[in-house]
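Asker:
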Amino acid sequence: MRIWPSLCVLFLPLLAEAAPTRSNRTSSIAVVGAGFAGLAAVGRLRELGFEDITVFEGSDHFGGRVYSIPFDKARLQQGAQWVNGHDNDIFRIAKKLGLIIGEQADNDVYVRADIHTGTCTINRSVIDEFYNFTDPLEAKYRKMGQDSVNYATALGDIYAKDYRAFVKKVKRRAAERNMIDALSRFYIGFWEGEMGAFYDYALSNFHFWDEGEDGQAKSYVLNSQGYWPISEYLKSFVPDEMIKYNHFVKKIRYSGAKVEIRVQEGAKSFEYPKQFDHVIVTSSLGHLKRYARSMFEPPLPQKKIEAIDSVGYGNLLKVFLVYDKPWWSFNGSSIAALWVKGCSPTHPLMEYIHTITKLEWDKDVLVAWVSARGTIMIDGVCYGRPKHSSAEGDDSSALGVQQTLLGWWVLGDGGTCDFEDLLRWRGDSSDDLPNDCWSV
Ligand SMILES: Cc1cc2nc3c(=O)[nH]c(=O)nc-3n(C[C@H](O)[C@H](O)[C@H](O)COP(=O)(O)OP(=O)(O)OC[C@H]3O[C@@H](n4cnc5c(N)ncnc54)[C@H](O)[C@@H]3O)c2cc1C
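Taken in order, the sequence shown gives residues -18 to -1, 1 to 422; the numbers are from mature numbering (1 follows the signal peptide of the UniProt record, and there is no 0).
1) Would you identify the three-state DSSP class for T36, choosing helix, strand or coil?
2) Going by beta-carbon coordinates alone, are V349 and Y202 separated by less than 8 Å?
3) Given 7 Å as the limit, tell me if E39 has its C-beta closer than that to any heavy atom belonging to ligand 1.
4) Measuring from the CB of T357, is there a heavy atom of ligand 1 at a distance below 7 Å?
5) Measuring only from the beta carbon, is L204 closer than 7 Å to any heavy atom that is part of ligand 1?
6) Going by DSSP, what residue range makes up the alpha helix (DSSP H) through G138?
7) What does DSSP give as the partner residue(s) for N66 in the beta ladder?
8) Between G100 and ligand 1, is the CB less than 7 Å from at least one heavy atom?
9) How big is the Cα-Cα spacing for V383 and T101?
10) By how many angstroms is the C-alpha of F278 removed from the C-alpha of R235?
11) Examine the Cβ distances between the region 176 to 185 and the region 30 to 45 and report whether three or more of them are shorter than 8 Å.
12) Where does K256 land, buried or exposed, given buried means 16+ other C-beta within 10 angstroms?
13) Taking V91 as part of the alpha helix (DSSP H), name the residues at either end of that continuous run.
14) Give a single yes or no on whether R47 has its beta carbon closer than 7 Å to a heavy atom of ligand 1.
15) Could you say if the region 131 to 140 and the region 182 to 192 meet the contact criterion of at least three C-beta pairs nearer than 8 Å?
16) If F168 and L320 are in contact, beta carbons under 8 Å, what's the gap, nearest whole angstrom?
17) Leaving aside the five residues before and after V263 along the sequence, list all residues of the same chain whose C-beta is less than 6 Å from its C-beta, in chain order.
18) Among residues of its own chain, excluding the 5 on either side of residue 493, which ones have a beta-carbon nearer than 8 Å to its beta-carbon?
19) Who are the Cβ neighbours of Y215 in its own chain at under 7 Å, not counting the five residues just before and after it?
20) Alpha carbon to alpha carbon, what distance is there between W309 and D259?
21) Start and end of the alpha helix (DSSP H) containing L216?
22) Please tell me whether L81 and P211 are closer than 8 Å, where the distance is taken between their beta carbons.
23) Within the same chain, show all residues whose beta-carbon is closer than 6 Å to that of K323, passing over the 5 residues directly before and after it, in chain order.
24) Determine the DSSP secondary structure at K256, reduced to helix, strand or coil.
25) Let's test the definition: count the other Cβ atoms within 10 Å of the Cβ of R355 and tell me whether it reaches 16, buried, or not, exposed.
26) Skipping 5 residues on each side, what residues in its chain have a beta carbon closer than 7 Å to that of I97?
27) Comparing the CB of H229 with every heavy atom of ligand 1, is any distance shorter than 7 Å?
28) Using a Cβ-Cβ cut-off of 6 Å (strictly less than) and excluding sequence neighbours within five positions of W173, which residues of its own chain qualify?
29) Using only the alpha-carbon positions, how far apart do A18 and R26 sit?
30) For the region 78 to 123, list the alpha helix (DSSP H) runs that are entirely contained and at least 4 residues long, ordered along the chain.
31) Under a three-way DSSP split, which group does K271 fall into?
32) Give the single residue among C325, F312 and R406 whose Cα lies nearest to the Cα of V91.
33) For N313, does the three-state DSSP call read helix, strand or coil?
34) Within the present structure, is the beta-carbon of V14 separated from the nearest heavy atom of ligand 1 by less than 7 Å?
35) Please classify Y181: does DSSP put it in a helix, a strand, or coil?
Below you can see the structure in the form of C-alpha cells.
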C-alpha cells in the first residue's frame, strides 16, 4: 500500500532537530479538520509561535481517516494501515514509538495471492498466463509516466488497451475467458486498494512516487496498535481546548477583513462567535466534491472548482470479520476471492470484495477489502448482526448474504463459515462526513 499525499506533507514538530525560535504571533487561525493534516498543521503553527488557533472537527474524535476501532487491547485499522517507504516523517515517528514489526513489498497482496473461484476448478496455466501479462506492466507504466506527453494518461485507460490486446492474442473457450476477466478485475481491485483509484489515476503518479533508495516500494507493518499511537503523538501537540468536536463547518466567509465560520453542532446551526485572520481547510477531496460549491463565500475560483471536480479519487473500505477460530488456510499473503461468471451463485457485491487478508496479530480475524462501487453497495447487504445475536427485525436476506459471503467464494460450499462479529465504518452516502472515500 502506498502513502497518500496528505500524509507525505506532514510536518512533525518534535522530530525537528532544532525548532525555530518562537515569536509571539498574534494572528488567529481556524483549522478545519482534526485528521493527520489538521493536527500536524497545528503542531507546526504552534512551533512557529502561533497560539490563537481553533480546530473545528465535525466528528467526536481526532484522527480522521486514521481513526481505528478499539478491539480488545488492540485497534482495527479502518483507514491507514501500512507506513509507506522509510524516508518520511510518519516512518520516523513509527520507528521512534517502536510500532514497526515487519515489512512487505507493496504488491505482495496481488503477487502472492491464493486464488479462489468458488465452485470452478482452478486453471493454473491461465492464472500463470495472466500474471505473466501483468508482471511487467507497472515498470512499463512508470516509464511512460516519465514522459510529459503521458502525464495525464489514466492508468485505467492504458490498462484497458493492454488488456484488450492480451485477450485478443489467443482464442479461448468461454470458461477460460471468464476466468481471465475475473483475474483482470482482481488486478484492478489491487490498484484500487493500492492507489485509491484506477480509472482516475494518472501515470505521472508513478513517476513522482518515491520508490526509496533500493528501488523496491516497501510497506512497513505496524503492531496491533497500528496508527493510533501516531495519531496520539500528533494530538499531543494540540491542547484539548483548541479542538471543537462535533462542529461541522458548513460555511466559510472570507471576503471581509476577517474569516467568518458557520457551524452545525447537532441540530443547531450558528455563526461561530469568534472571527479569524486565516483559515486552513483539510477536508478530503471527497468532502470537497460534495460541499466545495456551498462551503465557501465568495465561491472558490472556477479553476479550483474544476480541479476538485476533475481530480479523481477511489473508494476503499475494510470490513473486519471476527470468527471464533480460523477455518481458512493461507499459503500466500491474501485470498483473492474471484468473481468468475458461471462459477458460484453470488451477490454482485463480491465483484468489489477483491482481497481478503488476515491480521498479523489476531489469528481469528479476516479483513475483506471493498473498493469502488462496493463501498456503497455494502450498505445494502452487509450490515447485519453476528450469528449469536437476535436477528429479529433484520433483513434476513442481508443476513444470509453476509453469512455465506466467504463460504461461496473461498470454500465453494456456502454457509460453513459464519462469523461472530462484523466490524466496519459505516460511511454511507447520506453521511455528512463520509469516511470511506479518500483522495489520492
Ligand atoms: C481504507 C483506507 C486505507 C488506507 N490505508 C493507508 C495506508 O495503508 N497508509 C497510508 O499512509 N494511508 C492510508 N490511507 C490514507 C490515509 O488514511 C489518509 O491519507 C489520511 O488519513 C488523510 O488525513 P487528512 O488529515 O488529510 O484527512 P482526514 O483523515 O480525512 O481528516 C480530515 C478531518 O476533517 C474533518 N472534516 C472534514 N470536513 C469537515 C468540515 N466541513 N467540518 C468539520 N470537520 C471536517 C473530518 O471529520 C476528518 O476528521 C488509507 C485510507 C483509507 C480510507
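Here a beta-carbon is modelled for each residue, glycine too, at the ideal position from N, C-alpha and C.
Answerer: Let me spell this out:
1) To locate residue 36, count along the sequence shown from 1; it is residue 54. The answer is strand: DSSP assigns T36 an E or B state.
2) Within the sequence shown, numbered from 1, the residue matching residue 349 stands at position 367. Within the sequence shown, numbered from 1, the residue matching residue 202 stands at position 220. Going by C-beta atoms, V349 is not nearer than 8 Å to Y202.
3) As a working note, residue 39 is residue 57 in the sequence shown. Yes - ligand 1 has a heavy atom lying nearer than 7 Å to the Cβ of E39.
4) Against the sequence shown, residue 357 aligns to sequence position 375. Relative to ligand 1, T357 has its C-beta separated by 7 Å or more from all heavy atoms.
5) Within the sequence shown, residue 204 is the residue found at index 222, counting from 1. Not so, every heavy atom of ligand 1 lies at least 7 Å from the Cβ.
6) Along the sequence shown, read from residue 1 onward, the residue named residue 138 stands at position 156. Unbroken alpha helix (DSSP H) run through G138: L137 to K151.
7) Numbered from 1 along the sequence shown, position 84 holds the residue referred to as residue 66. Beta-bridge pairing links N66 to S201.
8) Sequence index remark: in the sequence shown, residue 100 carries index 118 (1-based). Relative to ligand 1, G100 has its C-beta separated by 7 Å or more from all heavy atoms.
9) The residue given as residue 383 occupies position 401 in the sequence shown. The residue given as residue 101 occupies position 119 in the sequence shown. Here V383 scores only 44 on pLDDT, less than 50, and its place in the model should not be relied on; the value that follows carries that caveat. Each residue's alpha carbon lies about 17 Å from the other.
10) Locating residue 235 in the sequence shown gives position 253, counting from the first residue. Locating residue 278 in the sequence shown gives position 296, counting from the first residue. One C-alpha to the other measures close to 6 Å.
11) no
12) Position 274 of the sequence shown, counting from 1, holds the residue named residue 256. It counts as exposed.
13) Your numbering for residue 91 matches position 109 in the sequence shown. Start and end: D90 to V93.
14) Your numbering for residue 47 matches position 65 in the sequence shown. Yes - ligand 1 has a heavy atom lying nearer than 7 Å to the Cβ of R47.
15) Yes, the region 131 to 140 touches the region 182 to 192.
16) As a working note, residue 168 is residue 186 in the sequence shown. As a working note, residue 320 is residue 338 in the sequence shown. Confirmed, about 6 Å.
17) Against the sequence shown, residue 263 aligns to sequence position 281. So the list reads V14, once near-sequence residues are dropped.
18) The structure shown does not extend to residue 493, since the chain is modelled only from -18 to 422, so the question has no answer here.
19) Position 233 of the sequence shown, counting from 1, holds the residue named residue 215. Answer for Y215: I75 and L79, listed in chain order.
20) On the sequence shown, position 277 is the one that residue 259 refers to. On the sequence shown, position 327 is the one that residue 309 refers to. Each residue's alpha carbon lies about 58 Å from the other.
21) Along the sequence shown, one-based indexing puts residue 216 at 234. Per DSSP, L216 belongs to the alpha helix (DSSP H) from W210 to K217.
22) Looking up residue 81 in the sequence shown gives position 99. Looking up residue 211 in the sequence shown gives position 229. The answer is yes: Cβ separation under 8 Å.
23) In the sequence shown, counting from the first residue as 1, residue 323 sits at position 341. Annotation for K323: N160 place their beta carbon closer than 6 Å to its own, counting only its chain and skipping 5 residues before and after.
24) For this step, residue 256 is matched to residue 274 along the sequence shown. Note: K256 maps to coil in three-state DSSP.
25) Along the sequence shown, one-based indexing puts residue 355 at 373. Flag for R355 reads exposed.
26) Walking along the sequence shown from the start, residue 97 turns up at place 115. Cβ neighbours of I97 beyond the five flanking positions: I104, I109, A318 and L320.
27) For the purposes of this step, residue 229 is taken as the residue at position 247 of the sequence shown. Correct: H229 has its Cβ closer than 7 Å to ligand 1.
28) Indexing the sequence shown from 1 puts residue 173 at position 191. F180.
29) Indexing the sequence shown from 1 puts residue 18 at position 36. Indexing the sequence shown from 1 puts residue 26 at position 44. In the sequence as presented, Ala is not what sits at residue 18; that position holds Phe. So the alpha carbons of these two residues sit roughly 12 Å apart.
30) Secondary structure in the region 78 to 123: the alpha helix (DSSP H) runs of 4 residues or longer, each lying completely within the stretch, are 90 to 93 and 106 to 116 in chain order.
31) Mapped onto the sequence shown, residue 271 falls at position 289. Helix at K271.
32) The count along the sequence shown starts at 1 and reaches residue 91 at position 109. Ranking C325, F312 and R406 by Cα distance to V91 puts F312 first.
33) As a working note, residue 313 is residue 331 in the sequence shown. In this structure, N313 counts as coil in the three-state DSSP scheme.
34) Walking along the sequence shown from the start, residue 14 turns up at place 32. Placement of the Cβ of V14 at a distance of less than 7 Å from at least one heavy atom of ligand 1 is found.
35) As a working mapping, residue 181 is identified with position 199 in the sequence shown. Collapsing the DSSP output to three states places Y181 in coil.
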